[in-house]
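Participant: I am attaching a structure below and will ask some questions about it afterwards.
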Ligand code: BTN
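Numbering (our numbering), first residue to last: 422 to 694.
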């Protein structure tokens, strides 16, 4: 049965019913979890749903994506059921200026959940790549749609070395993690996002009062490091990453000058001491 959903016993399908039972409760952030066998991009689908008025807390999970989108116009691809590819829809009420922190909040929550469940040392490369050592375990893409934000994550769970999209990627299986079961991983990530999102919302987006800045800095593999930032337009900047500002932008000092960067691809140029 080559095309069966059950043909790869290492990669069982997710149960939509079980996820809804576990996550959707009165008062919970999560209002509904839909699992589809295949789609183009869960971010694109939820962006459309957002425009059609879908509620905050909608979750869309795809067992396979045909046109998964990554940051900076890249693609995201993974074999069916080898990882978690899903998106969430949020309608944040905090002041717009501070909403740049939302994608960092997502990274903090996801890293914390994966670290706890899978027992691996996950850190964040600015803005929100999940790394184990210098290898990428997961990526996060946040996209604004009117007053909503759609945030998608691709997490490599059972990918084998020959299936990795690039040499610098990794998976929980390759890292011999304590958990490679997608169901509890997804639940843990969503629950952790809910906790951090509530704290941030109750603090009206104040990253100090909510503890978000300190949580981010404690998880960051970038701040304090020597970095090269590949900027849009084929320019790059090499210097010391010194912090993250009120907008979630990366602060870099280079040749005695201070820069704040809203987008770019960070390369850690020197191993941490
Ligand atoms: C990156 O690191 O470049 C971000 C990758 C984000 C991929 C996820 S997979 C689920 C969601 N749907 C998409 O099309 N992209 C995100």
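C-beta: ideal position from N, C-alpha, C; glycine also. Only a predicted model underlies this, so the values are computations on that prediction, with no experimental measurement involved.
Excluding the 5 residues flanking residue 511 on each side, which residues of the same chain have their C-beta closer than 6 Å to its C-beta?
Facilitator: Start at 1 with the first residue of the chain shown, and residue 511 comes out as number 90. Counting only Cβ-Cβ distances below 6 Å, and skipping sequence neighbours, we find 477 and 570.
Participant: Within the same chain, show all residues whose beta-carbon is closer than 6 Å to that of residue 371, passing over the 5 residues directly before and after it, in chain order.
Facilitator: Lying outside 422 to 694, the shown extent of the chain, residue 371 is not represented and no answer is given.
Participant: Less than 8 Å separating the Cβ of residue 489 from some heavy atom of the ligand BTN?
Facilitator: Within the chain shown, residue 489 is the residue found at index 68, counting from 1. Residue 489 Cβ: within cutoff of the ligand BTN.
Participant: So, helix, strand or coil for residue 617, using DSSP?
Facilitator: Here residue 617 refers to the residue found at position 196 when the chain shown is read from its first residue. Of the three classes helix, strand and coil, the one that applies to residue 617 here is helix, per DSSP.
Participant: Starting from residue 663, trace the beta strand (DSSP E) both ways and give me its first and last residue.
Facilitator: Numbered from 1 along the chain shown, position 242 holds the residue referred to as residue 663. Looking at the DSSP string, the run of the beta strand (DSSP E) that includes residue 663 is 656 to 665.
Participant: Roughly how many angstroms separate the alpha carbons of residue 423 and residue 430, rounded to a whole number?
Facilitator: Within the chain shown, numbered from 1, the residue matching residue 423 stands at position 2. Within the chain shown, numbered from 1, the residue matching residue 430 stands at position 9. Unreliable positioning characterises residue 423 in this predicted model, as indicated by a pLDDT of 45, which lies under 50. The coordinate reading is nonetheless provided below. Note on geometry: alpha-carbon atoms of residue 423 and residue 430 lie some 12 Å from one another.
Participant: Measure the alpha-carbon distance for residue 583 versus residue 508 and round it to whole angstroms.
Facilitator: As a working note, residue 583 is residue 162 in the chain shown. As a working note, residue 508 is residue 87 in the chain shown. Roughly 26 Å separates the two Cα atoms.
Participant: Does the ligand BTN have a heavy atom nearer than 8 Å to the CB of residue 530?
Facilitator: Mapped onto the chain shown, residue 530 falls at position 109. It does not: the Cβ of residue 530 is nowhere closer than 8 Å to a heavy atom of the ligand BTN.
Participant: Can you give the Cα-Cα distance for residue 525 and residue 450, rounded to whole angstroms?
Facilitator: If you number the chain shown from 1, residue 525 lands on position 104. If you number the chain shown from 1, residue 450 lands on position 29. Rounded to the nearest angstrom, the two C-alpha atoms are 18 Å apart.
Participant: For the alpha helix (DSSP H) that residue 472 lies in, which residues bound it at each end?
Facilitator: Here residue 472 is taken as the residue at index 51 of the chain shown, counted from 1. Element bounds for residue 472: 463 to 472.
Participant: Tell me whether residue 436 sits in a helix, a strand or coil according to DSSP, three-state version.
Facilitator: Reading the chain shown from its first residue, position 15 is the one you call residue 436. Three-state DSSP puts residue 436 in coil, outside helix and strand.
Participant: Does DSSP put residue 522 in a helix, in a strand, or in coil?
Facilitator: Start at 1 with the first residue of the chain shown, and residue 522 comes out as number 101. If DSSP states are grouped into helix, strand and coil, residue 522 belongs with the helices.
Participant: Name the one or two DSSP bridge partners that residue 563 has.
Facilitator: In the chain shown, counting from the first residue as 1, residue 563 sits at position 142. Beta-bridge pairing by DSSP links residue 563 to 572.
Participant: Can you tell me whether residue 604 is helix, strand or coil according to DSSP?
Facilitator: Within the chain shown, the letter at position 183 stands for residue 604. In this structure, residue 604 counts as helix in the three-state DSSP scheme.
Participant: Pick out the complete alpha helix (DSSP H) segments inside the segment 483 to 564, 4 residues or longer, and give them in chain order.
Facilitator: 523 to 539
Participant: Suppose the cutoff is 6 Å on Cβ atoms and the five residues either side in sequence are ignored; what does the same chain contact list for residue 497 look like?
Facilitator: Start at 1 with the first residue of the chain shown, and residue 497 comes out as number 76. Within the same chain, residue 497 has close Cβ partners 489, 491 and 575.
Participant: Starting from residue 681, follow the beta strand (DSSP E) in both directions and report where the run begins and ends.
Facilitator: For the purposes of this step, residue 681 is taken as residue 260 along the chain shown, with counting starting at 1. Unbroken beta strand (DSSP E) run through residue 681: 678 to 682.
Participant: Among residues of its own chain, excluding the 5 on either side of residue 448, which ones have a beta-carbon nearer than 8 Å to its beta-carbon?
Facilitator: The count along the chain shown starts at 1 and reaches residue 448 at position 27. Closer than 8 Å at Cβ, skipping near neighbours: no residue.
Participant: With DSSP as the reference, identify every bridge partner of residue 481, one or two as the case may be.
Facilitator: Stepping through the chain shown from its first residue, residue 481 is reached at position 60. DSSP lists 455 and 508 as the beta-bridge partner residues of residue 481.
Participant: Would the beta-carbon of residue 547 be found less than 8 Å away from any heavy atom of the ligand BTN?
Facilitator: Residue numbering aside, residue 547 sits at position 126 when the chain shown is read from its first letter. For the ligand BTN, not one heavy atom lies less than 8 Å from the Cβ of residue 547.
Participant: Would you identify the three-state DSSP class for residue 424, choosing helix, strand or coil?
Facilitator: On the chain shown, residue 424 is found 3 positions in, with the first residue counted as 1. Residue placement at residue 424 cannot be trusted, given a pLDDT of 49 that sits under 50; the coordinates are not used to answer.
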